[in-house]
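Colleague: Protein chains in written order, with my numbering: chain A, 1 to 569; chain B, 570 to 1138.
Each residue gets a CB set at the ideal place from its N, CA and C atoms; glycine is no exception.
See below:
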């Protein structure tokens, strides 16, 4: 089974030719020493690490998986050594501030790194996947004393971190959480309760594990406003074992390389992060970045599935293709069969266009933090707020559905473990659920972000996108039409009677899908403008023909609901 | 974990109220004693057997699976006893002719039975799944001597059967098969070669196993016309072990309850079925029924996934629903949330409408065999030829995609094994591949069945469907529109220049999808006409609003290709 191999030239084309990343970051003093040479160097190094160290462990990560015995978790063969090498090479600190021991590089590089890591080995990548979010959370909300003890170690990845949110009865609805935090005389808190679905709640990769735990103070109100965030380490100073225990790990559909732990906090010592009752706010500081992370996982998994399918389709010969053919063989490579070509081209288009959108969003995250112009920081923050839920939902879904299409290229061989393609399908499925289900993303987009300002921010962002299109080209005109269509549907939703409280929730999924396709049309048009090579043109052409038409359908469904039309009436 | 429970009243509504199955079969002398009482009795008995005997074995079938050691396969706990009970109760012979020891009942009852069996335990159901096809194949093509020795035992299920087609380098392209058949002096043949992906190639369920093996005689031409079909038993008369060996079983994504065997035929004794060089024709006699079988598997798996999701959504409370709510609770059952309601209603609509189509197709199979009027037999055969590939592709895809939607209802709990929903997603995936990949189904429909007669048979079938619609109702008008749309697209394809040999292959998948939606619109309209109950109305309304609009999109994509339009030009 061939391992995933990062293809740096694809990233460089998108960053340099399509997005002109260097130009965008040029005004940011924070990255004054960052140039395209350094960018290439970091990406080449990252690609080598991913391809040589992490990718080869993926198959055993699935087959052997994490194992649980007597409260401890053993990670699959090689995972520990790979993590040590990752830590020692400084990868976790890539985008952390230099004053915290980080390398102070733009976050978008970490985005590319994690896309590749996820493509190569989703299970292994879960371990460091929360580090940067925990770092940001602690950096912005932790007390000086907490930061003194934990921040540098989390930045460097010396200790790994978890997010302990979900409880058996409280999933999407964290406000129902019951874990209790009780203040102690010394300023610490005592934590008691049960958490489930805790990725990396226990493992053998690092000496200590730092849990960020959502819990409720004794006098706290019911619901989400009663929740506070606590830092609870596995080991306290002086080698004292804290009361944070793993009771079991889940048997899952996939992602066997990552231990999904049921955690029991029993008389555990912790410290408040930020203000009491503001726990969700402290978590949300890392939410957009974390959701973009998950979108990049989806992109990576889809690219990995595509890479396998593409290689197989070039080798496997079955039947003759319609039209001209090689008479010296009894059958043609299946990549020439239209049904297989369609799968390969459309999934390639999802990856290519998705990278344009995701990397631009990563750049906007850097811009939102570091641009000297407050107005530009605001538009960047608005971009991230609007596009992140779209990317999270769209690319986790596409990882699963497109991964399944790639599996189809293998025929029966895709269903057996041997080729590794079915693992991508199983692994990817969870990304549609965690970090906010895709249905939650749709509600986040429409109900929390588009409707409250009557679609103003969305309209402004789409206007900016339209300005960057070359409408002298058919692709630019098609993308402009797509953006107009989304604008009209947005307006229809904003104008709908507020007497229909269910309407935005009924329409949210179709609206997010429409937004996905309009944004992708923009991305595809940008690629079309940037390169005339078949490598980039063929997927874009397939996307405009076969993928984009869904936009009109989704908009029509939403508008029909807005009109209050009963189709059966 | 709750087991699958057949809901007989759903089937009876569709058979009696929507399709009026009894009236349709009334002219068929073969089923003179078959009436609605007997129908209910058979279905009640079948439901009980499925729910009590087969369904409870599904979880262990996945978790423990089939195991292989020293050339033998051990089936999961309970499988053997359940199969013995199935055989002893006479279920395999339900639709076999009375002169072969069968019960002589209509085939559509077997269709319902196998839908339920697949819903309850896909892995177990693979074992008897090929019996009826093998029975038909042997009955129509076997010599009297072969029939004398094997037919009754296959009819009764005393011995199970396999289809040995695929070879490592010959999947969709069976013409590349290399297994050799060498004639012997006594009229038997010697078989040598390797076959893969042989479901039930080895097991402990029955004393003997009868393999139907596609192989090539020494003087046979290359390609599919050189293939002959042979009957090769595991045990020869007198307890002599034949040279048909299982070398390994595959590690698969799912369907662990069914052993997928790599078979080695080494100096094996077999007998020709039908004429030499006509092996594929002999297999094709069972092809439509086998593909309908697979469509019913998809339907069953989707219904099983829906049943789990529906039960979970009624119990699980998270967040408040928009609009009126129960103030005594902190959260509402998620079935009231629009995003969950959408999933439950649309997937229910796929099952309900799919049953209408699939059961009608099963009835047409009975009519094609037994109706006194040759013209009616011909229209029935035409229905089966056209609709079967549509159903096979549509419902295997929907089992996987809709199963994944049902998994989503569980949130993170859907991704862990505990609830059993992820097993449906894993198990169902293979149905999109076996018995002809879904891409092959699309080619079969368009290239082999619609285009050769310039769309005449398709047009005639759609005309008949249109006549059964109540266009006094919105649903009937919507379905008539859908049928008209498909007609126009069919004509566009038939009128396209033959100078584009790739066009039909480029358009096949979208065309099959358009046909699916037009046929489903007909089915939903029929349901809408037959019942005003919310149980039936809510899914149909959701389908017309959210599912049917895809038809127009697919037709537009096909017509754009017909027009030779380059979207990017």
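Taking only beta-carbon atoms, is residue 612 of chain B less than 8 Å away from chain A?
Modeller: With 8 Å as the cut-off, residue 612 of chain B does not count as an interface residue toward chain A.
Colleague: Kindly say whether residue 563 of chain A, judged by its beta-carbon, lies nearer than 8 Å to any beta-carbon of chain B.
Modeller: Chain B, which has no Cβ nearer than 8 Å to the Cβ of residue 563 of chain A, makes this no.
Colleague: Kindly indicate the opening and closing residues of the alpha helix (DSSP H) around residue 409 of chain A.
Modeller: First-last of the alpha helix (DSSP H) with residue 409 of chain A: 374 to 409.
Colleague: What are the residues of the segment 969 to 993 of chain B that lie near chain A, defined by any Cβ-Cβ distance shorter than 8 Å?
Modeller: Listed by position along the chain: 969, 970, 973, 976, 977, 980, 981, 982, 983, 984, 985, 986, 987, 991.
Colleague: Evaluate the contact criterion for the segment 104 to 115 of chain A versus the segment 241 to 260 of chain A: three or more CB pairs, one atom per stretch, below 8 Å.
Modeller: The answer is no - the segment 241 to 260 of chain A does not touch the segment 104 to 115 of chain A, with fewer than three Cβ pairs under 8 Å.
Colleague: Would residue 557 of chain A pass as an interface residue toward chain B - the criterion being a Cβ-Cβ separation below 8 Å?
Modeller: Yes, residue 557 of chain A counts as interfacial toward chain B.
Colleague: By the 10 Å Cβ neighbour count, where 16 or more other Cβ atoms means buried, how is residue 498 of chain A classified, buried or exposed?
Modeller: Exposed is the call here.
Colleague: Using a beta-carbon distance below 8 Å, is residue 735 of chain B in contact with chain A?
Modeller: For residue 735 of chain B, the answer is yes, since a Cβ of chain A falls inside 8 Å of its Cβ.
Colleague: Between the beta-carbon of residue 431 of chain A and the beta-carbon of residue 399 of chain A, is there less than 8 Å?
Modeller: Yes, the Cβ-Cβ distance between residue 431 of chain A and residue 399 of chain A is below 8 Å.
Colleague: Beta-carbon separation of residue 449 of chain A and residue 295 of chain A under 8 Å?
Modeller: No. Outside cutoff.
Colleague: Taking residue 484 of chain A as the reference, which of A/517, A/384, A/557, A/372 has the closest Cα?
Modeller: Here the closest residue by C-alpha is A/517.
Colleague: Just to make sure I have the definition right: I need the residues of chain B whose C-beta is within less than 7 Å of the C-beta of residue 331 of chain A. Which are they?
Modeller: In chain order: 742, 745.
Colleague: Can you list, in chain order, the stretches of the alpha helix (DSSP H) that have 4 or more residues and sit fully within the segment 818 to 905 of chain B?
Modeller: As far as the segment 818 to 905 of chain B is concerned, its whole alpha helix (DSSP H) runs of at least 4 residues are 848 to 853, 856 to 884.
Colleague: Determine the chain A residues that contact residue 1070 of chain B at a beta-carbon separation under 7 Å, and present them in chain order.
Modeller: What residue 1070 of chain B touches in chain A: 322, 323.
Colleague: Leaving out five residues before and five after residue 109 of chain A in sequence, what residues of the same chain have Cβ atoms less than 8 Å from its Cβ?
Modeller: Here the set comprises 39, 42, 43, 46, 94, 95.
Colleague: Based on the DSSP output, what are the partners of residue 189 of chain A in its beta bridges?
Modeller: BP columns for residue 189 of chain A point to A/183, A/270.
Colleague: Is the segment 978 to 993 of chain B touching the segment 942 to 962 of chain B in the sense that three or more CB pairs, one from each, lie closer than 8 Å?
Modeller: Result no; under three Cβ-Cβ pairs closer than 8 Å.
Colleague: Can you list the residues of chain B that residue 252 of chain A reaches, using a CB-CB cut of under 9 Å?
Modeller: Here the neighbours are 984, 985, 986, 991.
Colleague: Name the DSSP bridge partner or partners of residue 116 of chain A?
Modeller: For residue 116 of chain A, which the question treats as bridged, DSSP gives no partner whatsoever.
Colleague: On a CA-only basis, which of B/778, B/832, B/731 is nearest residue 859 of chain B? Give me that one, please.
Modeller: For residue 859 of chain B, the nearest C-alpha among the options comes from B/731.
Colleague: Find the nearest neighbour of residue 656 of chain B within the set B/727, B/696, B/636, B/704, judged by alpha-carbon distance.
Modeller: With distances taken between Cα atoms, residue 656 of chain B lies closest to B/727.
Colleague: Excluding the five sequence neighbours on either side, which residues of its own chain have a C-beta within less than 7 Å of the C-beta of residue 462 of chain A, listed in chain order?
Modeller: These residues qualify, in order along the chain: 483, 486, 487.
Colleague: If residue 831 of chain B and residue 778 of chain B are in contact, beta carbons under 8 Å, what's the gap, nearest whole angstrom?
Modeller: Rounded, the Cβ-Cβ distance is 15 Å, inconsistent with contact.
Colleague: Taking 8 Å as the cut-off, decide whether the C-beta atoms of residue 644 of chain B and residue 772 of chain B are in contact.
Modeller: For residue 644 of chain B and residue 772 of chain B, yes; Cβs fall inside 8 Å.
Colleague: Tell me, please, whether the CB atom of residue 430 of chain A is closer than 8 Å to any CB atom in chain B?
Modeller: Yes - at least one Cβ of chain B is within 8 Å of the one on residue 430 of chain A.
Colleague: Going by the beta-carbon positions, is the gap between residue 406 of chain A and residue 347 of chain A smaller than 8 Å?
Modeller: Going by C-beta atoms, residue 406 of chain A is nearer than 8 Å to residue 347 of chain A.
Colleague: Can you name, in chain order, every residue of its own chain whose Cβ lies under 8 Å from the Cβ of residue 253 of chain A, other than the five neighbours on each side?
Modeller: If we look at residue 253 of chain A and ignore the five residues flanking it on each side, its Cβ neighbours are 426, 429, 430.
Colleague: Find the residues of chain B that neighbour residue 80 of chain A, judging by a C-beta separation of less than 9 Å, and give them in chain order.
Modeller: Within 9 Å Cβ-Cβ: nothing; residue 80 of chain A doesn't reach chain B, min ~25 Å.
Colleague: Beta carbon of residue 748 of chain B, beta carbon of residue 729 of chain B: below 8 Å?
Modeller: Taking 8 Å as the Cβ cut-off, residue 748 of chain B and residue 729 of chain B do not qualify as a contacting pair.
Colleague: Compute the distance between the beta-carbons of residue 1029 of chain B and residue 1090 of chain B, then report whether it is under 8 Å.
Modeller: No, they are not a contact pair.
Colleague: Taking residue 1074 of chain B as the query, report the chain A residues whose CB atoms sit under 8 Å from its CB, ordered along the chain.
Modeller: In chain order: 322, 337, 338, 339.
Colleague: Inspect the beta-carbon positions of residue 805 of chain B and residue 781 of chain B and report whether they are closer than 8 Å.
Modeller: Result no, Cβ atoms of residue 805 of chain B and residue 781 of chain B do not sit closer than 8 Å.
Colleague: Short of 8 Å in beta carbon distance, which residues of its chain neighbour residue 898 of chain B, apart from the five on each side in sequence? Order them along the chain.
Modeller: 886, listed in sequence order.
Colleague: If the criterion is Cβ atoms closer than 8 Å, does the pair residue 504 of chain A and residue 451 of chain A meet it?
Modeller: The answer is yes: Cβ separation under 8 Å.
Colleague: Rounded to the nearest angstrom, what separates residue 50 of chain A and residue 126 of chain A at their Cα positions?
Modeller: So the two alpha carbons sit approximately 14 Å from each other.
Colleague: I need the boundaries of the beta strand (DSSP E) containing residue 738 of chain B, first residue and last residue.
Modeller: Where residue 738 of chain B is concerned, there is no enclosing beta strand (DSSP E), given that its DSSP letter is neither H nor E.
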